[in-house]
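Protein chains: 2
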Amino acid sequence: MAYELYYWDGLQGRGEFVRLALEEAGAPYVDVARGEKEDGQGIGALMAGLESDEPYPPYAPPFLRDGDLIVPHVANILFYLGPKLKLAPRDEGLRIIANGLQLTIADLVTEVHDTHHPIASGLYYEDQQDAAKARSKDFIQHRMPKFMRYFERVLVHNPDGPQHMVGTALSYVDLSMFQIVEGLRYAFPKATKHLAGHYPNVIALHDAVAARPAIVAYLQSERRLAFNETGIFRHYPELDRATH
Amino acid sequence: MAYELYYWDGLQGRGEFVRLALEEAGAPYVDVARGEKEDGQGIGALMAGLESDEPYPPYAPPFLRDGDLIVPHVANILFYLGPKLKLAPRDEGLRIIANGLQLTIADLVTEVHDTHHPIASGLYYEDQQDAAKARSKDFIQHRMPKFMRYFERVLVHNPDGPQHMVGTALSYVDLSMFQIVEGLRYAFPKATKHLAGHYPNVIALHDAVAARPAIVAYLQSERRLAFNETGIFRHYPELDRATH
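In structure tokens, the structure reads:
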């Protein structure tokens, strides 16, 4: 049976980290909110999932339904799917390592979101623009380099080589790193101009993922939405580095 | 062998969610940064752990060392420890549910942190106080109620009864919920004054955890640090609800 992914339509957002894993694995899945109402899908099905009286409701999208089990949170979904999609290490300890790395990626994603919404998710960007400029400046100067240095260091110290974030083979963590680089480059083209020079292994990993046949096919398909200003990674030129 | 918990000394912070699980289980552990330099502990040992050239370094505290394995991130540590401490459901699906709930708690913790540091972790509170007031107002009006309503709903819909967040027995998620209520009451005494009326099952769970012998003993011990204004939950009266 196909996995059911529940996430907002119209943006890549946090759902994209799950889509990349499903696409790489060629796993059957339904992107529920993007489906048709006649098929029991669409935004109404997403809202029904959020407001359901079933046990253990999810707090927010994305969540994944696999039969009776509803799995919320990107890192949790990927931890659950990883072994089934053959995108997780076989070793139990390395699976815990992978989960830790994915949670650091999740923290970075939250910080990226807060560059344009530092005061309130419920307010428009335009109503918190001054705070957004201050937070983005700090993000570009301090936070992004700290995360990127860390990811580079993880690759350099991987005992199985710098081709992968964890272990000897492609994992969902590698796929998420691809999305991080794509997203940061979209949101902050000036601030990310020299990523390849500073973090060569991170960019090599990004490029290797981008060249995988299933990922190439996905990125060219209609299933891949374009980045836009309703997602996590938003390009507001006034938040990018002024000079470089 | 004792578990080694690595977290900053002087504050409860994110480390406290791990401490509560270790304490409830009576598990042997060393709170490394609070130990003595002569014993290879203290803040130097924490910094060495962060800057180590070992494979898979942690990005930030807290992290747990269990033999050769270094486990970072609160939710990941608790997912790893849960079964060993008998503080996780036996059912694999419910363990995934527990992890999802813990990640929602982690998101709330991050939002609480950002009430006093909405612009930059590296800046003083006093240098971002206006933004902190705006974010705290939104947190108290919208975010805290949304999270608390959700947790109440999880308890009400637990098919095994509203005594626990997941399954039939105490889990690390319940212990974390205790800490959430404690922390919110410390940080926002006015805004949380009516929690018991609005979220009776959440408060009943808090009270049940607070009455457990191992938790009572821990809270009275020197191992439990007091809340203070270097932690996640900080009491700045100007950020609390003005009227209620």
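Chains as they are written, first to last, in UniProt numbering: chain A, 1 to 244; chain B, 1 to 244.
All C-beta atoms, glycine included, are put in the ideal place defined by N, C-alpha and C.
All figures in this text were calculated on a predicted structure; none of them were measured in a lab.
| Check | Outcome |
| --- | --- |
| Return the first residue and the last residue of the alpha helix (DSSP H) that L175/B is part of. | 172 to 187 |
| Is it buried or exposed for H194/A, if we count other Cβ within 10 angstroms and need 16 for buried? | exposed |
| Could you pull the start and end residues of the beta strand (DSSP E) that E222/A belongs to? | Here E222/A belongs to no beta strand (DSSP E), and DSSP marks it neither H nor E. |
| Our contact map puts A98/A next to S171/A with C-beta atoms below 8 Å; I'd like the distance itself, whole angstroms only. | 6 Å |
| Taking just the CA atoms, how far does I105/A sit from D39/A? | 34 Å |
| Taking CB distances under 7 Å as the criterion, tell me whether G15/B reaches chain A. | no |
| Counting C-beta neighbours from all protein chains within 10 Å, is the total for D31/A 16 or more, i.e. buried, or is it exposed? | buried |
| Looking at C-alpha atoms only, which residue of A27/A, P55/A, E23/A is the closest neighbour of Q220/A? | E23/A |
| Is the separation between the beta-carbon of F233/B and that of G161/B shorter than 7 Å? | no |
| Do M148/A and Y199/A have their C-beta atoms within less than 7 Å of each other? | yes |
| What did DSSP end up calling V112/B once you bin it into helix, strand or coil? | helix |
| Taking CB distances under 7 Å as the criterion, tell me whether G100/A reaches chain B. | yes |
| Beta carbons nearer than 7 Å to chain A: which residues of the stretch 133 to 160 of chain B have them? | A134, R135, D138, H142, Y150, R153, V154, H157, N158, P159 |
| Look at the Cβ atom of L20/B, then the Cβ atom of G231/B, and state whether they are nearer than 7 Å. | no |
| What residues in its chain sit with their C-beta under 7 Å from that of P89/A, if we drop five residues either side in the sequence? | R95, A98, V166, G167, S171 |
| Counting only beta-carbon atoms, is V71/A nearer than 7 Å to chain B? | yes |
| In terms of DSSP beta bridges, what is F63/B paired with? | Y6/B, P72/B |
| Determine the extent of the alpha helix (DSSP H) in which Y150/A is found, giving its start and end residues. | 144 to 157 |
| Span of the alpha helix (DSSP H) holding D130/A? | 129 to 138 |
| Work out the CA separation of E229/A and S136/A for me, nearest whole Å. | 15 Å |
| Would you call the CB atoms of Y7/B and P72/B closer than 7 Å? | no |
| Would you mind giving the Cβ-Cβ distance between A33/B and V112/B, rounded to the nearest angstrom? I have them listed as a contact below 8 Å. | That pair is no contact at about 22 Å. |
| Using the DSSP secondary-structure output, state which residues sit across from V30/B in a beta bridge. | E4/B |
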